[in-house]
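Chemist: In the numbering used here, the protein residues as written are 902 to 1011.
Before I ask anything, here is the structure I am working with.
Here's what the structure looks like:
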């Protein structure tokens, strides 16, 4: 039940789907550019920008704990978790915005 609600809030609404579409498109573009042009210095910058500020927070915490950037696989995990958390936050925002439109003439009781 909880997994179903999380899935709905994180993936199955227009705002979250649009955000994840942008993150996915940027990721595919960056991977394709890396294969076509070879390794680049700023190769993941756009993906990091689409998942910030959450990714920047997690990277800062990982650097403070590990004393360095850490393994490269950790960066991918941080980016994926950041995209999920922000998608979930956008889904919750969508739910809050939609809940006020259900019965506009009746006051809501908490």
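We treat Cβ as the ideally placed atom computed from N, Cα and C, and that holds for glycine.
1) Considering only the beta carbon of each residue, do residue 848 and residue 927 sit closer than 9 Å?
2) Answer yes or no: does any C-beta atom of chain C fall closer than 9 Å to that of residue 1000?
3) Taking buried to mean at least 16 other C-beta atoms within 10 Å of its own C-beta, is residue 930 buried or exposed?
4) Exposed or buried, which one is residue 922 when buried takes at least 16 other CB atoms within 10 Å?
5) Is it the case that the Cβ atoms of residue 982 and residue 951 are separated by a distance below 9 Å?
Modeler: A quick look at the data gives this:
1) Absent from the structure is residue 848, since the part of the chain shown begins at 902 and ends at 1011.
2) Annotation note: the requested chain C is absent from the structure, which comprises a single protein chain.
3) Along the chain shown, read from residue 1 onward, the residue named residue 930 stands at position 29. Classification of residue 930: exposed, given that the 10 Å Cβ count is below 16.
4) Sequence index remark: in the chain shown, residue 922 carries index 21 (1-based). With fewer than 16 Cβ atoms within 10 Å of its Cβ, residue 922 is classed as exposed.
5) In the chain shown, residue 982 corresponds to position 81, counting from 1. In the chain shown, residue 951 corresponds to position 50, counting from 1. For the pair residue 982 and residue 951, the CB atoms are not nearer than the 9 Å cut-off.
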